[in-house]
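Single-structure report; data block below.
Residue numbers (the working numbering): 11 to 93.
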């Protein structure tokens, strides 16, 4: 097995872990705020863009039983105020 094989495997494992974190965050946000899962992802994505964050950094901060990250909470509050 070559070094390239190990590197590729590490990249795939990282991508899978990242995807799992995103899926978990989508579910948490959807449940917390009564959104569809697609709406939750759109909100997470827009929040990351607005605050110039990497999406993975934001989703790692979205955990069950913990407060919503302030950037996401501000985006939700602003959108609910507009509606």
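All C-beta atoms, glycine included, are put in the ideal place defined by N, C-alpha and C. Keep in mind it's a predicted model, so treat the numbers as computed, not measured.
Spatial neighbours of residue i in its chain, beta-carbon cut-off 7 angstroms, leaving aside the 5 residues before and after
i	result
residue 27	none
Rounded straight-line distance, which links the Cα of residue j to that of residue i
i	j	result
residue 71	residue 84	15 angstroms
residue 90	residue 38	18 angstroms
residue 87	residue 11	52 angstroms
residue 30	residue 24	10 angstroms
residue 42	residue 81	15 angstroms
residue 73	residue 17	29 angstroms
residue 61	residue 52	14 angstroms
residue 77	residue 92	23 angstroms
residue 19	residue 67	22 angstroms
residue 44	residue 75	16 angstroms
Residues near residue i by beta carbon distance below 8 angstroms, same chain, minus five either side
i	result
residue 65	32, 54, 55, 58
residue 47	36, 37, 40
residue 63	57, 81
Cβ neighbour criterion (16 or more within 10 Å) applied to residue i
i	result
residue 50	buried
residue 22	exposed
residue 35	buried
residue 79	buried
residue 2	There is no way to answer for residue 2, as the model of the chain reaches only from 11 to 93.
Cβ shell of residue i (< 6 angstroms), same chain only, five flanking positions each side left out
i	result
residue 14	none
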